[in-house]
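Each residue of the sequence shown is one higher than the one before, counting from 1 in full-length UniProt numbering. All residues carry an ideal CB built from backbone N, CA and C; glycine is no exception. Since the structure is predicted, the reported quantities are computational estimates derived from the model, not experimental observations.
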Amino acid sequence: MVFKKMLAAFGVGGPSVDTVLATPVVQPGGTLSGTVHIKGGDHDTLIEYVSVGLVTRVEVEGHDSEYDATVEFHRVHLTGSFTLAAGAQQSLPFSFDVPWETPVTRFYGTPLHGMTMGVRTELSVAKAVDKTDLDPVGVEPLPLQAAVMEAFSRLGFHFTRADLERGRIHGVHQTLPFYQEIEFHPSHAYAGRMRQLELTFVTSPQGMDVVLEFDKRGFLGSHDTFSRHHVSHADAATTDWPTVVDGWIRGALDRHGSGHGGYGHGGGGHGFHGGHGGHQSHRGHGMGGVAAGAAAGFLGGMVAGEVAEEVFDMDMDFGFGDE
């Protein structure tokens with residue numbers, strides 16, 4: 001009996017958990033739903049709770065080090081404490097709202113290099129090893145985000161990778177402890193004035209802040225340059241976004257070309273120097289629906305198979321699996 005209790009404490013013969021997502025692809029502010037299937041082991045088990053949460057990989061910068069950390073940024077408890085009988089089976093359906101600031105991991109069905117997102121199910125077992133299950137989930141951009149991302153492609157910018165940085169953005173209302181940076185190589189028109197451009201969305205139900213960060217090529221200052229623009233979801237299909245984005249870029253370069261660089265990263269977050277420009281209402285032909293080949297143009301020469309392997313090898317990336 002003592003030996004069986006010891007094995008149970010290490011999870012041997014205990015319950016198992018498997019989550020099936022009904023919505024494996026969502027959008028920020030959308031609804032993620034699925035069902036958690038629990039099967040009892042060879043003995044009755046006291047379950048403390050069952051929860052599901054969104055987890056991702058975030059880059060953390062310390063004083064003299066940099067490392068990736070797994071961050072759970074949204075959690076929903078499905079049950080409280082209960083006893084799961086030996087061999088019993090239970091199914092727990094769930095549905096929850098995805099945070100509006102959830103980072104984008106896909107663009108028109110193609111994974112973005114550098115991004116990993118999953119739904120982690122936790123079955124907390126009293127006096128024993130907890131059980132977990134991890135399922136990949138894709139996050140497609142909202143129409144407004146997709147329109148801005150596609151505008152960069154139409155302007156000749158080339159996507160390189162995306163990542164998440166721990167910290168906060170100065171002057172922006174932010175609910176999550178990290179922000180996404182979508183990195184581009186500049187088009188030929190701007191190649192002599194910047195090495196790289198990073199795009200950040202901070203989204204809410206009303207609209208989003210678009211933050212642009214330029215590196216210091218062509219600037220005499222020692223810091224990167226930032227600009228920020230607030231846009232409305234209602235403008236997604238009625239705005240000439242390539243013209244608007246081009247205006248943002250030229251305005252930032254002209255404002256800071258004399259050597260007045262923006263504040264750099266400080267205390268784990270963005271800073272700004274004169275980057276409080278509002279959205280300019282350039283009405284024109286509009287972006288319309290999904291343009292043919294938009295993903296191919298945005299993602300450039302990336303090897304889709306390699307990207308998919310990185311994104312969906314979840315257990316290896318996050319360091320835990322069902323056992």
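DSSP state of residue i mapped onto helix, strand, coil
{"i": "H233", "result": "helix"}
{"i": "G251", "result": "helix"}
{"i": "H113", "result": "coil"}
{"i": "P186", "result": "coil"}
{"i": "D18", "result": "strand"}
{"i": "V245", "result": "helix"}
{"i": "residue 324", "result": "Residue 324 is absent from the model: the chain starts at 1 and stops at 323."}
{"i": "F207", "result": "For the record, residue 207 in the displayed sequence is Gly; it is not Phe. The answer is strand: DSSP assigns G207 an E or B state."}
{"i": "D42", "result": "coil"}
{"i": "T23", "result": "coil"}
{"i": "D240", "result": "coil"}
{"i": "residue 335", "result": "It is not possible to answer for residue 335, since the shown part of the chain is limited to 1 through 323."}
{"i": "G167", "result": "coil"}
Boundaries (first-last residue) of the alpha helix (DSSP H) holding residue i
{"i": "E150", "result": "P143 to R154"}
Beta-carbon gap between residue i and residue j smaller than 8 Å
{"i": "R161", "j": "G118", "result": "no"}
{"i": "A252", "j": "L212", "result": "yes"}
{"i": "L112", "j": "T203", "result": "no"}
{"i": "V52", "j": "F94", "result": "yes"}
{"i": "V104", "j": "L32", "result": "no"}
{"i": "L164", "j": "V58", "result": "yes"}
{"i": "T116", "j": "T19", "result": "no"}
{"i": "E183", "j": "Q174", "result": "no"}
{"i": "residue 338", "j": "L155", "result": "Nothing in the structure corresponds to residue 338, since the chain is present only between 1 and 323."}
{"i": "F178", "j": "V71", "result": "yes"}
{"i": "L38", "j": "Q89", "result": "As written in the sequence, residue 38 is Ile, which differs from the Leu given in the question. Taking 8 Å as the Cβ cut-off, I38 and Q89 qualify as a contacting pair."}
{"i": "D133", "j": "V17", "result": "yes"}
{"i": "P15", "j": "L84", "result": "yes"}
{"i": "V172", "j": "R255", "result": "no"}
{"i": "L46", "j": "A126", "result": "yes"}
Beta strand (DSSP E) segment containing residue i, residue limits
{"i": "T58", "result": "Rather than Thr, the amino acid found at residue 58 in this sequence is Val. Counting along the chain, the beta strand (DSSP E) containing V58 begins and ends at T45 to E61."}
{"i": "T35", "result": "T31 to K39"}
{"i": "L176", "result": "Careful: L176 lies outside any beta strand (DSSP E) and carries neither H nor E."}
{"i": "R195", "result": "Unbroken run through R195: none, as it is neither H nor E."}
{"i": "F157", "result": "Where F157 is concerned, there is no enclosing beta strand (DSSP E), given that its DSSP letter is neither H nor E."}
{"i": "Q90", "result": "Q89 to D97"}
{"i": "K131", "result": "K131 to P136"}
{"i": "T105", "result": "No beta strand (DSSP E) holds T105; DSSP gives it neither H nor E."}
{"i": "T83", "result": "F82 to L84"}
Residues near residue i in its chain [Cβ-Cβ closer than 6 Å; skip 5 each side]
{"i": "G301", "result": "With a pLDDT of 43 at G301, under the threshold of 50, the modelled position of this residue cannot be trusted; read the value that follows with caution. Taken in chain order, the list of residues that qualify is empty."}
{"i": "G284", "result": "Note that G284 scores 39 on pLDDT, short of 50, meaning its location in the model is unreliable; the coordinates nonetheless yield the value given after this. Cβ neighbours of G284 beyond the five flanking positions: D240."}
{"i": "S124", "result": "E48, Y49 and D130"}
{"i": "T23", "result": "L32 and S33"}
{"i": "R250", "result": "none"}
{"i": "F201", "result": "Q145 and M208"}
{"i": "R106", "result": "G138 and E140"}
{"i": "E198", "result": "E181, E183 and E213"}
Same chain only: Cβ atoms within 8 Å of residue i, ignoring 5 sequence neighbours per side
{"i": "V98", "result": "V26, Q27, P28, G29, G30, T31, L32, L54, H74 and V139"}
{"i": "G288", "result": "Because the pLDDT of G288 is 42, which lies under 50, any placement of that residue in the model is unreliable, and the question is left without a value."}
Own chain partners of residue i with C-beta closer than 7 Å, once the 5 adjacent residues on each side are dropped
{"i": "W100", "result": "P28, G29, T203, S204 and P205"}
{"i": "G207", "result": "H230, V231, S232 and H233"}
{"i": "A86", "result": "G40, G41, D42, H43 and D44"}
{"i": "H77", "result": "Y49 and S51"}
{"i": "D246", "result": "L155"}
Evaluate the contact criterion for the region 20-35 versus the region 59-70: three or more CB pairs, one atom per stretch, below 8 Å.
-> The region 20-35 is not in contact with the region 59-70.
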